[in-house]
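Single-structure report; data block below.
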């Protein structure tokens, strides 16, 4: 679905690199974002950098390359697949700090998780982001390029 509007909220998950239970804060922040008219919430670390969203990894497009937020995150399975296959496809990508002030210069944004390799994001906080259908197609193409494995 999408495109999504994300509230920008300050939040850092405890032990973000480990998937664990007991994360009532992200559920609370999602509900607050919805109450405020957003679809979900994107998290800002105390340094003001975007990290991830409630149940999603964040990813951005600068017009030439995929930009992964430089932050403490849970590296999701889908993120790993997409990064690996972007490399294999020769598509540029980099890790860089992304702050709210950086958003107007970006050419697109998306979220991903185990359900999907990319859902468009059209707004974060009060900043509108351009539609980037080629960016989303690139994320989906990278994901589907991963060879299936037998159980």
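Residue numbers (our numbering): 50 to 200.
Backbone N, C-alpha and C fix where the C-beta goes; we use that ideal spot for every residue, glycine too.
Asked: Cβ separation of residue 111 and residue 155, assumed to be a contact under 8 Å, to the nearest whole Å; Found: 6 Å
Asked: Minimum C-alpha distance to residue 180 - residue among 96, 74, 193, 153; Found: 153
Asked: For residue 157, the residue or residues it bridges with in DSSP; Found: 110
Asked: Residue closest to residue 58, alpha-carbon to alpha-carbon, out of 130, 79, 147, 121; Found: 79
Asked: Residue interval of the beta strand (DSSP E) (run including residue 173); Found: 165–173
Asked: Beta-carbon proximity check, residue 102 vs residue 109, cutoff 8 Å; Found: no
Asked: Proximity winner among 167, 96, 196, 83, relative to residue 52 (alpha-carbon distances); Found: 167
Asked: Distance, residue 133 Cα to residue 74 Cα; Found: 31 Å
Asked: Cβ-based burial, residue 193 [other Cβ within 10 Å; buried from 16]; Found: exposed
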